[in-house]
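Asks: Going by the working numbering, the sequence shown opens with residue 23, and the numbers climb by one from there.
Sending over a structure as structure tokens; questions will come in a sec.
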Amino acid sequence: IRPEAPLLEGLHQRFEDGNGLRQQEVEELSQRFCANDCRVPVPPRWRLICQRLLRPVALFEVASVIVWALDEYWQFTLISLLSILGFELNAAVTRHQTLKQLQDSVPPPGIV
């Protein structure tokens, strides 16, 4: 079935031989619309850990623990510091694993 509209008619004639786009058109369209791929950047773990530890909430928690340390609550201070550090490390490692799984699940770009 051939389309009747003039625009579709030209398109049909263009691809009727099965060759598709010319190389020059492919290059022009690639520049215009970018590559046909999806990359998920996975930062290193140390960068994720630093980002987690430098968040305002984490900094406030550490500052609060320092104030408790000045009042000689040493046991509570150590437990709190270890809890904060453990939670932030766990969150950073989980984030890294999730990004890695997402990167691995992206299918390779195909020829269209």
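Positions of the beta carbon are idealized from the N, C-alpha and C atoms, including for glycine.
Quick caveat, the model's predicted, so the values are computed rather than measured.
For the alpha helix (DSSP H) that residue 78 lies in, which residues bound it at each end?
Replies: Start and end: 78-92.
Asks: Using the Cβ count rule (16 or more neighbours within 10 Å means buried), how would you classify residue 70?
Replies: Counting Cβ neighbours within 10 Å, residue 70 comes out buried, since at least 16 surround it.
Asks: Can you give me the C-alpha to C-alpha distance between residue 115 and residue 85, rounded to a whole angstrom?
Replies: The alpha-carbon atoms of residue 115 and residue 85 are separated by roughly 24 Å.
Asks: Whether or not the stretch 122-131 and the stretch 60-67 are in contact is what I'm after, with contact meaning three or more pairs of Cβ atoms, one per stretch, closer than 8 Å; do they touch?
Replies: Flag = yes, the stretch 60-67 and the stretch 122-131 touch.
Asks: Spatial neighbours of residue 103 within its chain, please: CB distance less than 6 Å, with the 5 preceding and 5 following residues excluded, ordered by chain position.
Replies: Answer for residue 103: 87, listed in chain order.
Asks: With residue 43 as the anchor, note down where its alpha helix (DSSP H) starts and where it stops.
Replies: Per DSSP, residue 43 belongs to no alpha helix (DSSP H) and is neither H nor E.
Asks: Secondary structure at residue 23, three-state DSSP: helix, strand or coil?
Replies: Confidence at residue 23 is low in this model, with a pLDDT of 48, below 50, so its placement is unreliable and the value that follows should be read with caution. DSSP places residue 23 in coil when its eight states are reduced to three.
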